[in-house]
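Just below is one structure, and these are the notes that go with it.
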Amino acid sequence: MASSSSSSIDLSGSTFVVLTGASQGIGRAIAVELAKCLGPKSLMLLLARNKEELAKTAELSKQDNVKVVYQSMDLSTASAKDMYDVINNALEGRKVTDFATATILHNVGSLGNLAVATERMEDVDEMRQYYDLNVFNVIKLNTQFLKIFEEVEDRIVIVNITSLCAIKAMSGMASYCSGKAAREMYFKVLAEEKKHIRVLNYSPGPVETSMIDYVLAETVNANLRDVFLSFKMQGTLLKPEMTAKKCLTVLQQGKFGPGDHVDYFDVE
Ligand SMILES: NC(=O)c1ccc[n+]([C@@H]2O[C@H](COP(=O)([O-])OP(=O)(O)OC[C@H]3O[C@@H](n4cnc5c(N)ncnc54)[C@H](OP(=O)(O)O)[C@@H]3O)[C@@H](O)[C@H]2O)c1
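The sequence shown maps to residues 12 to 279 in my numbering.
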């Protein structure tokens, strides 16, 4: 069961999990590693758009203790009702009080249009779409989760997958940095208000996923290209499973204050 700030978080009881961005990359690795930690009669709901890849993640996450279900959902356009229903349906009639811990991991994320220079950003519809997926609908999904588990609020654990870019400006990534900053601050405020809910902002470090290739293919910013090229050339990118394991260690050890930003490199 989740417990007060800075104490360990026990996932070895029956745990309900919602994980977004679970079809590939860091999300897939978190699903696989998290499933190993969960106690008997746990339930894990995986969300992303690509159903075939979600099915692969579900297969890779198989454990005796855990039932894994998945649903294809475009989180940039899903309504609050769609979100509420997908979580509620995943409970399969079980009561929220049946679970010792209820956790949601907001891993979904995108980079936006990297082909427009920061000083030329003016397409507000495009910016809105970016914020819809990366900020507004993360908050909206989180709210549905809070509503469903209201009765057992002190059992809720929230992990927001953030980035160094939430707290440090990175050339060529204005949408990403500002979106990550807004999203992280929302969770910090929530944590400030709801001290009995455990909230972690986990920053995974530079990880070898499709995001890296997307940056190299799309960016018009030479500095950004150089940074990411050097990550690739020097072989300093982390494997998704490395950061997923670290995320779960940080989470279970629970040595973080409400909404703290903890980076991969902060912890041994
Ligand atoms: N890779 C890094 O170096 C790095 C560093 C710091 C932070 N992060 C953060 O870590 C998280 C995961 O990143 P990643 O590198 O694993 O990226 P990724 O491989 O591109 O994975 C992104 C995930 O988000 C899902 N997604 C994207 N658009 C969606 C939509 N409209 N609706 C539903 N799901 C959607 C994708 O699934 P579908 O395409 O199937 O929908 C995919 O599962 C992100 O929040 C990212 O900002 C990554």
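Quick reminder that beta carbons are idealized off the backbone N, C-alpha and C, glycines included.
Non-local C-beta neighbours of residue 56 in its own chain, meaning closer than 6 angstroms and more than five positions away in sequence, comprise 29, 80, 101, ordered along the chain.
Between the stretch 51-67 and the stretch 138-149, the count of C-beta pairs closer than 8 angstroms stays below three; the two stretches do not touch. Ranked by how close their Cα comes to the Cα of residue 164, the residues 274, 31, 209, 258 have 209 in first place. Here DSSP, grouped into helix, strand and coil, assigns residue 237 to helix. Rounded to whole angstroms, the gap between the alpha carbons of residue 257 and residue 134 is 38 angstroms. Restricted to the stretch 183-255, the beta strand (DSSP E) segments that are unbroken, complete and at least 3 residues in length are 209-214, listed in chain order. Residue 270 and residue 203 do touch by the CB rule: their CB atoms are close to 7 angstroms apart, below 8 angstroms. Counting the other Cβ atoms within 10 Å of the Cβ of residue 221 gives fewer than 16, which makes it exposed. For the pair residue 150 and residue 198, the Cα-to-Cα distance works out to about 9 angstroms. Per the C-alpha coordinates, the member of 89, 25, 66, 126 positioned closest to residue 112 is 25. Relative to residue 83, the option among 74, 97, 92 whose CA is nearest is 97.
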